[in-house]
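K.L.:
This structure is in structure tokens; I'll ask about it shortly.
Residue numbers (the working numbering): 8 to 299.
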């Protein structure tokens with residue numbers, strides 16, 4: 008018997024698309040350079056003289072760098088940087104505490120109810136994320152004046168907290184939906200009420216989402232300029248980091264040895280926080296988006 012020859016199957020080896028991979032890397036490098044360039048100029052210029060900033064803005068010569076201008080900015084009589092830090096931290100802590108205390112229970116109710124009206128309520132809060140805060144300033148000013156809270160710390164904290172609620176509720180509700188409702192039922196069988204179920208059972212499991220929102224809210228309050236400038240106003244004597252920087256550098260707008268060091272002192276804490284906690288932001292956002 009003659010051997011039966013099997014037809015030869017031609018195999019084609021697919022080569023990886025190296026060109027596509029290289030193009031992607033080049034694209035990411037270019038985008039990263041464009042985004043990091045302003046930060047590089049800010050940091051480097053804070054240690055340069057006026058002449059070096061104007062003639063060699065991108066140069067990095069260690070022999071030309073000095074900490075003299077940073078020290079002068081830290082002791083600038085027009086802006087007490089330590090007081091600015093203290094006031095801003097007070098606002099950040101107050102807003103985050105109120106935001107968690109209000110958005111958490113609301114999100115729990117929305118996430119655990121299946122009725123249509125609760126879904127519409129969630130959509131209403133989501134719609135609030137598309138409204139610019141500047142649009143709300145004028146009606147908020149009239150409301151705070153009527154309540155006697157204009158130019159006060161409580162008035163500003165309440166307004167900033169309100170701005171954080173839409174996205175906080177959206178993120179918290181999405182994350183709570185991934186937590187099994189059987190945990191609530193087991194706690195209810197043991198005699199726990201709704202409030203205790205949320206704060207003792209559900210809330211500890213929300214740590215990734217809560218940490219994410221605390222970090223995002225911190226950035227928002229710290230960087231806010233328009234709202235404290237209008238609601239607090241110069242007459243209150245309270246300056247956040249951003250409004251204090253504006254008051255300090257507005258009369259020295261062409262003196263870059265004052266502008267750049269002061270700006271660097273204002274954003275330095277946020278840069279440190281972002282570098283240390285960026286993984287928490289990414290994990291918190293992706294956790295609520297991929298579960299369930």
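From the three backbone atoms N, C-alpha and C, an ideal C-beta is built for every residue, glycine too. Just so you know, these numbers come straight off a predicted model, no measurement behind them.
May I ask you to report which of helix, strand or coil DSSP gives residue 273?
P.N.:
The answer is helix: DSSP assigns residue 273 an H, G or I state.
K.L.:
Can you say whether residue 137 is buried or exposed, counting buried as having 16 or more other CB atoms within 10 angstroms of its CB?
P.N.:
Flag for residue 137 reads exposed.
K.L.:
When we look at the beta-carbon of residue 232 and count the other beta-carbons within 10 Å, is it buried (16 or more) or exposed?
P.N.:
Result: exposed.
K.L.:
Between the Cα of residue 1 and those of 45, 96, 88 and 159, spot the shortest distance and give me the residue it belongs to.
P.N.:
Examination of residue 1 is not possible in this model, given that the chain is present from 8 through 299 alone.
K.L.:
Out of curiosity, what's the CA-to-CA distance linking residue 55 and residue 73?
P.N.:
If you take the alpha carbons of residue 55 and residue 73, they lie about 6 angstroms apart.
K.L.:
If you drop the 5 nearest sequence neighbours on each side, which residues of the same chain put their C-beta closer than 6 angstroms to that of residue 171?
P.N.:
Excluding sequence neighbours, residue 171 sits near 106 and 224.
K.L.:
Whether or not the region 212 to 226 and the region 122 to 133 are in contact is what I'm after, with contact meaning three or more pairs of Cβ atoms, one per stretch, closer than 8 angstroms; do they touch?
P.N.:
Contact between the region 122 to 133 and the region 212 to 226 is absent, because fewer than three Cβ pairs lie under 8 angstroms.
K.L.:
Ordered along the chain, which non-local residues of its own chain (more than five positions away) have a Cβ less than 6 angstroms from that of residue 240?
P.N.:
Excluding residues within five positions, the ones whose Cβ falls inside 6 angstroms are 158.
K.L.:
Using the Cβ count rule (16 or more neighbours within 10 Å means buried), how would you classify residue 76?
P.N.:
So residue 76 counts as buried.
K.L.:
Can you tell me whether residue 122 is helix, strand or coil according to DSSP?
P.N.:
Of the three classes helix, strand and coil, the one that applies to residue 122 here is coil, per DSSP.
K.L.:
How long is the line joining the alpha carbons of residue 67 and residue 51, rounded to whole angstroms?
P.N.:
Looking at the two C-alpha atoms, the distance is approximately 7 angstroms.
K.L.:
Take residue 281 and list the residues in its own chain whose beta-carbon comes closer than 6 angstroms to its own, dropping the five residues that flank it on each side.
P.N.:
Counting only Cβ-Cβ distances below 6 angstroms, and skipping sequence neighbours, we find nothing.
K.L.:
Put residue 56 into one of helix, strand or coil per three-state DSSP.
P.N.:
In this structure, residue 56 counts as coil in the three-state DSSP scheme.
K.L.:
Using only the alpha-carbon positions, how far apart do residue 154 and residue 162 sit?
P.N.:
In a straight line, the C-alpha of residue 154 is about 9 angstroms away from that of residue 162.
K.L.:
On the DSSP letters alone, give me the boundaries of the alpha helix (DSSP H) that residue 229 sits inside.
P.N.:
Start and end: 214 to 230.
K.L.:
On the premise that residue 86 lies in contact with residue 255, defined as a C-beta separation below 8 angstroms, what is that separation, rounded to the nearest angstrom?
P.N.:
Going by Cβ atoms, the distance from residue 255 to residue 86 rounds to 3 angstroms, so yes, they are a contact pair.
K.L.:
Among the candidates 213, 93 and 243, whose CA atom is the shortest distance from the CA of residue 175?
P.N.:
Taking only the C-alpha atoms, the option nearest residue 175 is 213.
K.L.:
Within the chosen definition, does the region 242 to 251 reach the region 179 to 198 through at least 3 CB pairs nearer than 8 angstroms?
P.N.:
Touching, no.
K.L.:
Provide the residue span of the alpha helix (DSSP H) that contains residue 234, from first to last.
P.N.:
Its alpha helix (DSSP H) spans residues 233 to 238.
K.L.:
Report the CB separation of residue 144 from residue 98 in whole angstroms; it is logged as a contact under 8 angstroms.
P.N.:
Not a contact, Cβ separation roughly 17 angstroms.
K.L.:
Looking at residue 250 and residue 230, is the spacing between their C-beta atoms short of 8 angstroms?
P.N.:
Not in contact: residue 230 and residue 250 (Cβ atoms no closer than 8 angstroms).
K.L.:
For residue 186, which three-state DSSP category applies?
P.N.:
Of the three classes helix, strand and coil, the one that applies to residue 186 here is coil, per DSSP.
K.L.:
Return the CA-CA distance between residue 91 and residue 167, expressed in angstroms with no decimal places.
P.N.:
Using only the alpha carbons, I get a separation of about 17 angstroms.
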